[in-house]
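Residue numbers (our numbering), protein chains in the order written: chain A, 201 to 466; chain B, 159 to 415.
Comments concern the structure below.
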Amino acid sequence: MEFTREKVLLKAENINLKYGENHILRDINLEIQNITRPNLNQGQVISLIGRSGIGKTQLFKILSGLNKPTTGKVLIGEDLHPVQAGEVGIIPQNYILFNHRSIFSNLKLGLDNCEKPHTEEEKKTIIHEHAKLFDLEQHLNKYPQQLSGGQRQRVSIIQQVLTGNKFLLFDEPFSGLDALMIDKVTDLLLKVSLLHEHNTLIIVSHDIESCLAISDTAWIIANQQGQQGATITEMIDLVHLGLAWRSDIRLDKQFIELVANMKYKL
Amino acid sequence: MKKIFTPLQIVDSKTVVTLVVVQLAIALGFWQILGGELLPTPTKVLSAIFATVVSPSFFDDFFASLGLTLQGMSISLFIALVVSYMSLVPVFKPLADFMVKCRYLTLTGLIFVFTLYTHDGHQLKISLLIFGIVPFFVTSFLSVIAAINTQEYELCKTLRMSNWRTLLEVVIIGKLDQVLEVLRQNFAIAWMMITMVEGLSMSEGGLGTMLIKSSKYINMANVFAVLFIIFMIGVLFDYLLGKARHWLFPYTKINVR
Ligand SMILES: Nc1ncnc2c1ncn2[C@@H]1O[C@H](COP(=O)(O)OP(=O)(O)OP(=O)(O)O)[C@@H](O)[C@H]1O
Ligand SMILES: [Mg+2]
């Protein structure tokens with residue numbers, strides 16, 4: 201499979217997070233590169249996998265610029281400047297939306313602050329296009345509390361996509377879903393990654409199989425023996441292993457073995 | 159039958175109405191039997207209510223009280239909203255916190271000061287009312303604000319809103335329906351205070367004045383009649399404000415189970 205890894209899109213340098221004496225994250229370094237494949241417009245999908253309570257949500261907040269790490273920095277963009285809230289889209293664990301606004305109005309807030317100014321008419325068209333693509337067209341006039349969890353997740357994703365952020369962070373997008381829904385979310389995430397070549401999805405999760413099945417790169421966050429604080433213990437280059445970008449991947453023997461092995465590394 | 163004695167049971171509306179009617183009848187029955195000299199019986203109170211309502215000065219008194227309450231409530235609401243919203247701006251936080259603590263100041267000692275600084279009875283009543291209600295409003299609003307999920311602020315940040323825009327979106331627009339709820343909850347306090355302040359300056363009349371006059375002549379049936387009228391108007395407003403909230407903010411009607 202032909203591909204090249206190019207420019208660095210996001211970089212985390214020596215991230216440490218402490219709450220008082222409590223060391224949560226230790227020396228986290230990672231780099232996300234733009235992967236290009238000939239004749240294909242596809243973004244990157246990256247996973248951060250770790251046990252429950254290890255500090256994934258904390259790292260998620262640091263990467264999105266919402267929280268500051270105790271030491272270290274997150275750099276982003278062409279010029280690798282320090283990340284600021286608003287440059288990275290987030291889809292939190294519980295798909296938070298504005299309950300006092302209709303779905304349409306929630307989505308419009310995404311467009312209102314995007315880099316490219318749109319007229320009201322254009323906004324309407326864009327929202328309807330996206331709603332159609334993600335199967336939400338008949339729900340535009342409803343309020344968030346009237347939607348199912350899966351539908352809210354989709355609204356949350358589109359809202360962030362519409363702000364024009366190329367980086368999208370997902371906190372546990374598969375949690376609490378049945379096998380069929382996981383497939384649906386997987387398709388959904390792939391759809392988002394295909395929207396733009398620079399789109400980069402970072403998935404934070406403890407679901408090893410679902411993450412690896414759609415990622416091109418995965419990082420394992422775990423505790424090391426005798427040391428406080430979780431750090432990155434392993435990087436898996438699924439492209440290199442020939443396990444990326446394949447829809448039948450879950451049936452592949454090599455993949456099944458990889459997933460089985462990972463369990464012991466968390 | 160067993161259902162109505164079991165906690166967390168949902169009963170149909172017919173049962174609810176029956177329960178209310180039966181309990182009301184029992185209460186009235188007891189009252190009628192126990193009533194006599196000191197405690198006027200329901201039938202006496204009922205005729206007193208009728209006499210009060212048809213008396214020529216009733217509507218003047220009624221509108222005097224209502225006008226005063228509405229005026230006091232609107233001004234208080236405005237002050238309380240400004241103080242509460244501004245409490246999110248660090249410089250104004252101490253002021254808001256102080257106002258909350260003012261609930262513990264009793265008005266009685268301050269009436270003299272207010273009398274000195276106001277020009278007429280109306281002003282005195284309004285300012286006492288405002289002084290009495292604002293701390294309760296602010297307290298309620300601040301607890302509404304404190305209950306906001308921090309993730310809503312984070313969502314605004316990721317949508318690139320400025321801090322002022324975030325305040326507008328999450329706190330002001332997002333909790334506008336709660337303003338009506340707070341108003342409803344505190345209307346009771348305002349309504350209770352109105353009768354008190356009206357006693358201080360009786361020249362304008364009002365339900366409070368009526369109450370005090372009836373007590374003075376130990377006309378218990380009249381006192382109960384006025385109390386009942388005050389009670390019913392309060393309940394009516396409670397209901398109207400609740401309805402207004404559902405009507406103005408349809409999303410508050412959505413049942414989340
Ligand atoms: N404000 C805080 N103060 C102190 N410790 C905290 C704070 N917030 C989180 N922690 C701790 O940080 C650790 C990591 O929490 P985090 O929410 O990131 O876990 P997680 O990996 O996302 O777990 P899950 O998969 O269950 O969502 C936990 O042990 C938690 O107790
Ligand atoms: Mg988490």
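Cβ coordinates follow ideal geometry from the N, Cα and C atoms, glycine included.
Proximity test, residue i beta-carbon vs ligand 1 heavy atom, cut-off 8 Å
{"i": "residue 333 of chain B", "result": "no"}
{"i": "residue 427 of chain A", "result": "no"}
{"i": "residue 160 of chain B", "result": "no"}
{"i": "residue 258 of chain A", "result": "yes"}
{"i": "residue 251 of chain A", "result": "yes"}
{"i": "residue 404 of chain A", "result": "yes"}
{"i": "residue 219 of chain A", "result": "yes"}
{"i": "residue 224 of chain A", "result": "yes"}
{"i": "residue 254 of chain A", "result": "yes"}
Distance cut-off 8 Å: residue i Cβ against heavy atoms of ligand 2
{"i": "residue 374 of chain A", "result": "no"}
{"i": "residue 407 of chain A", "result": "no"}
{"i": "residue 371 of chain A", "result": "yes"}
{"i": "residue 211 of chain A", "result": "no"}
{"i": "residue 266 of chain B", "result": "no"}
{"i": "residue 293 of chain A", "result": "yes"}
{"i": "residue 384 of chain B", "result": "no"}
Min CB distance residue i to chain B below 9 Å
{"i": "residue 290 of chain A", "result": "yes"}
{"i": "residue 363 of chain A", "result": "yes"}
{"i": "residue 360 of chain A", "result": "yes"}
{"i": "residue 299 of chain A", "result": "yes"}
{"i": "residue 312 of chain A", "result": "yes"}
{"i": "residue 346 of chain A", "result": "yes"}
Cβ-based burial, residue i [other Cβ within 10 Å; buried from 16]
{"i": "residue 221 of chain B", "result": "exposed"}
{"i": "residue 338 of chain A", "result": "exposed"}
{"i": "residue 126 of chain B", "result": "With chain B covering only 159 through 415, there is no way to say anything about residue 126 of chain B."}
{"i": "residue 359 of chain B", "result": "buried"}
{"i": "residue 165 of chain A", "result": "Because chain A in this structure spans residues 201 to 466, residue 165 of chain A falls outside the shown range and cannot be described."}
{"i": "residue 236 of chain B", "result": "exposed"}
Cross-strand partners of residue i (DSSP beta bridge)
{"i": "residue 173 of chain B", "result": "Bridge partners of residue 173 of chain B: none, in fact."}
{"i": "residue 274 of chain A", "result": "A:212"}
{"i": "residue 219 of chain A", "result": "A:222"}
{"i": "residue 292 of chain A", "result": "Answer by DSSP bridge pairing: none, since residue 292 of chain A is not bridged."}
{"i": "residue 230 of chain A", "result": "A:212"}
{"i": "residue 250 of chain A", "result": "A:421"}
{"i": "residue 402 of chain A", "result": "A:246 and A:369"}
Neighbour flag for residue i against chain A, beta carbons, 9 Å
{"i": "residue 318 of chain B", "result": "yes"}
{"i": "residue 407 of chain B", "result": "yes"}
{"i": "residue 332 of chain B", "result": "yes"}
{"i": "residue 303 of chain B", "result": "no"}
{"i": "residue 335 of chain B", "result": "yes"}
{"i": "residue 313 of chain B", "result": "yes"}
{"i": "residue 339 of chain B", "result": "no"}
{"i": "residue 328 of chain B", "result": "yes"}
{"i": "residue 412 of chain B", "result": "yes"}
Interface partners of residue i on chain D, CB under 8 Å
{"i": "residue 307 of chain B", "result": "Among the chains of the structure shown, chain D does not appear; the protein chains present are A and B."}
Quiz item: How do the segment 302 to 313 of chain B and the segment 387 to 402 of chain B stand: do at least 3 beta-carbon pairs fall below 8 Å, yes or no?
Solution: no
Quiz prompt | Three or more C-beta pairs below 8 Å linking the segment 440 to 448 of chain A and the segment 286 to 296 of chain A | solution = no
Exercise. Give a yes or no on contact between the segment 225 to 236 of chain A and the segment 426 to 438 of chain A, applying the rule of three or more CB pairs nearer than 8 Å.
Key: yes
Quiz item: Just checking, does the segment 400 to 413 of chain A make contact with the segment 242 to 259 of chain A on the three C-beta pairs under 8 Å criterion?
Solution: yes
Practice problem: Determine contact between the segment 238 to 247 of chain B and the segment 352 to 367 of chain B, defined as no fewer than three beta-carbon pairs at a distance below 8 Å. | Solution: no
Quiz prompt | Contact the segment 258 to 278 of chain A vs the segment 265 to 277 of chain B: 3+ CB pairs below 8 Å | solution = no
Quiz item: Does the segment 340 to 354 of chain A come close enough to the segment 275 to 283 of chain A to have 3 or more Cβ pairs within less than 8 Å?
Solution: no
Quiz item: Is the number of C-beta pairs between the segment 327 to 336 of chain B and the segment 321 to 330 of chain A that are closer than 8 Å three or more?
Solution: no
Quiz item: How about the segment 343 to 354 of chain B and the segment 165 to 175 of chain B: do they share at least three Cβ pairs that are nearer than 8 Å?
Solution: no
Self-check item: Touch test, the segment 202 to 221 of chain B against the segment 367 to 384 of chain B, Cβ-Cβ under 8 Å, three pairs minimum
Solution: yes
Exercise. Answer yes if the segment 284 to 303 of chain B comes into contact with the segment 248 to 265 of chain B, meaning at least three C-beta pairs across the two stretches below 8 Å, and no otherwise.
Key: yes
Quiz item: Do three or more CB pairs link the segment 386 to 393 of chain A to the segment 358 to 375 of chain A at distances below 8 Å?
Solution: yes
Practice problem: Evaluate contact between the segment 370 to 385 of chain A and the segment 347 to 361 of chain A, counting only Cβ atoms and requiring at least three cross-stretch pairs below 8 Å. | Solution: yes
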